[in-house]
Amino acid sequence: MIESVKAAFSLPDLRKRILFTIAMLIIYRLAANIPVPGVDLNAWLLFSQQESGNRVLDFLNLLSGGAVQNFSVMAMGVYPYITASIIIQLLTPIIPQLEELQSEGETGRNKLNQITYYITVPLALLQAVSQIRLIGLSFGGGTGDSLSFIMPNFGFGATQILPTLTTLLAMLGGTMFAIWLGNLITEDGIGQGVSLIIFGGIVSGILPGVGNLWTLDTTARYFTLTAFILLTIITVFVIVVIQEGQRRIRVTYGRRVRGRKTYQGQSSYIPLKVNTAGMIPIIFAQSIAIFPPLIASLFVVDGSTSAVNSILLAISNFGGNADPRIDPWGFGLYWLFYFALVVGFTFFYTDVMIKQQNIPENLQRQGGFIPGKRPGRPTQNYITMVVRRITFAGAIFLGTVAILPGIMELTGVLLNLPGIEQSALVIRGSGLIIVVGVVIDTMRQLESQLVMRQYEGFF
2 MIESVKAAFS LPDLRKRILF TIAMLIIYRL AANIPVPGVD LNAWLLFSQQ
52 ESGNRVLDFL NLLSGGAVQN FSVMAMGVYP YITASIIIQL LTPIIPQLEE
102 LQSEGETGRN KLNQITYYIT VPLALLQAVS QIRLIGLSFG GGTGDSLSFI
152 MPNFGFGATQ ILPTLTTLLA MLGGTMFAIW LGNLITEDGI GQGVSLIIFG
202 GIVSGILPGV GNLWTLDTTA RYFTLTAFIL LTIITVFVIV VIQEGQRRIR
252 VTYGRRVRGR KTYQGQSSYI PLKVNTAGMI PIIFAQSIAI FPPLIASLFV
302 VDGSTSAVNS ILLAISNFGG NADPRIDPWG FGLYWLFYFA LVVGFTFFYT
352 DVMIKQQNIP ENLQRQGGFI PGKRPGRPTQ NYITMVVRRI TFAGAIFLGT
402 VAILPGIMEL TGVLLNLPGI EQSALVIRGS GLIIVVGVVI DTMRQLESQL
452 VMRQYEGFF
């Protein structure tokens, strides 16, 4: 592996791509420290030292690399873009025009990406307003009082509209800048840009999290760090095993005659991964999980005691302030909802990917067939059946790892082990899946580049 890394840096083109990717990630991290205009930084510092107690903000903060905690222009990260991508993927099977674009190859995909960007802009503005409102509700005891101290000029009155627009446009600009950096990495760097942006945010939050564990008293400190290291190693090992697991379907190719030469039939296989969808369902599920609280926070009326306002307030805090000691039902419902989202998106995205690959058509074109299965629809039905069976295991695995923080927190409470509970604040199963998935995908891209240039790969 060390030789492969040396080989990668010895090639000018590959070295340029790697250094470019690192430079873009550094620029993103620097931008994540630029505060939003209109924020009273002294007031925000005072409030941010408190526990928000809101899991939605904790998720956003983790995946933006602390940008929420810094109240940065990058506080939304690339999540409006991901939400827009989900909308497009859900609408594609329903709207024929979108389905046609998807089947048009590179040109169609570029048009779909353009539509995704158009949808991202209003979604980003909507999320900016709702995220600011959610911060006010989270640190203001559910009343939104803290927002008047943190952002005294935020509102839609005659004297507030200009500062508010400045704030919203700054947050929109931060999101679009992050997406642009991601696209630059995809085109001129190594790996999938948007995923690497999220990866950079998660990794940058690990060291501060471990530092917080070190501030505990001596006994709790060593137990917590030991629990954190062991759980991380075990989780990463299991993730890699599942990510690399596959079911192989045998394919036979008939005799082929080319000119005067006859080629004997050969056998090969179709590798179907246990977790075909990779880390995408986790990212999708997180985007959907945070969407209802963000929208509900827009309509919460400060100080109102009406039934409708109470429902909106409950939705905006859904799972956010649920403590297994105080509200076990709310705690359990939140993590069950999140688990169901991950499992559902795993099946959905796997079906989308298998459909896009057109395996039966490609086999027919190449003169191949699956023994015992007729070409065409029977082959498609067989592949779909096998994929769904192995996806069941992959979906349950993804869902379980995603709710790992909840399991750890509950274990810490039931067994009175604060170390386990504290580790849950640092280790996020969903974050680990994204990190491991991005690392594996990026290394595979590097490997393919090395193999093309006749060097040995990483694996």
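Position in the sequence shown counted from 1, then plus 1, gives you this note's numbering.
Backbone N, C-alpha and C fix where the C-beta goes; we use that ideal spot for every residue, glycine too.
Pairing leucine 399 with threonine 347 gives a Cβ-Cβ distance under 7 angstroms.
Setting aside the 5 residues that flank it on each side, asparagine 184 is surrounded in the same chain by Gly194, each with a C-beta closer than 7 angstroms to its C-beta; the list follows chain order. Residue pairing from DSSP places glycine 369 in a beta bridge opposite Tyr254.
Taking C-alpha positions only, phenylalanine 72 is separated from methionine 453 by approximately 44 angstroms. Only exposed fits leucine 166, as fewer than 16 other CB atoms lie within 10 angstroms of its CB. With 16 or more other CB atoms across the displayed protein chains lying within 10 angstroms of its CB, alanine 278 is buried. By the Cβ rule, the segment 75-87 counts as touching the segment 125-132, because three or more pairs are nearer than 8 angstroms. Fewer than three beta-carbon pairs drawn from the segment 327-336 and the segment 170-178 are found closer than 8 angstroms, and the two stretches are therefore not classed as touching.
Around the beta carbon of tyrosine 339, 16 or more other beta carbons lie within 10 angstroms, which makes this residue buried. The Cβ atoms of alanine 394 and valine 241 lie no closer than 7 angstroms to each other. For lysine 356, there is no enclosing beta strand (DSSP E); the residue is found in the alpha helix (DSSP H) stretching over 329-358.
If you draw a straight line from the Cα of proline 406 to the Cα of isoleucine 19, it is about 33 angstroms long.
Look at lysine 274 here: in three-state DSSP terms it is strand.
Taking C-beta atoms as the reference points, proline 372 and threonine 253 count as a pair closer than 7 angstroms. Cα atoms of glycine 192 and asparagine 310: separation of roughly 45 angstroms, rounded to the nearest angstrom. The segment 278-296 makes contact with the segment 83-93: 3 or more CB pairs, one atom from each, lie closer than 8 angstroms. Under the three-state reduction of DSSP, proline 164 is assigned to helix. Taken through DSSP and simplified to helix, strand or coil, glutamine 70 comes out as coil. For glutamine 267, no alpha helix (DSSP H) encloses it, and the DSSP letter there is neither H nor E. Taking the C-beta atoms as reference points, isoleucine 151 is found nearer than 7 angstroms to aspartate 41. By the beta-carbon neighbour count (other beta carbons within 10 angstroms, threshold 16), proline 272 is exposed. In the DSSP assignment, the residues bridged to glutamine 247 are Lys274. In the three-state reduction of the DSSP assignment, proline 36 falls in the strand class, which pools E and B.
For serine 298, the enclosing alpha helix (DSSP H) covers residues 281-299.
Straight-line measurement puts the Cα of glycine 413 at about 31 angstroms from the Cα of leucine 313. For tyrosine 118, the closest alpha carbon among the candidates Glu188, Gln267, Trp181 and Val239 is that of Trp181. In the structure shown, glutamate 105 adopts coil according to DSSP, grouped into three states.
The DSSP-derived three-state label of methionine 409 is helix.
Within a 10 Å sphere around the beta-carbon of glycine 106 sit fewer than 16 other beta-carbons, which makes this residue exposed. In the three-state reduction of the DSSP assignment, arginine 134 falls in the helix class, which pools H, G and I. Serine 196 sits in a helix when the DSSP states are folded into three classes. Just measuring C-alpha positions, the residue of Pro294, Asp189 and Asp352 sitting nearest isoleucine 136 is Pro294. CA-to-CA, the gap between proline 38 and leucine 163 works out to about 12 angstroms.
Distance from the CA atom of isoleucine 355 to the CA atom of leucine 411, rounded to whole angstroms, is 37 angstroms. By the neighbour-count definition (other C-beta atoms within 10 Å, threshold 16), leucine 415 is an exposed residue.
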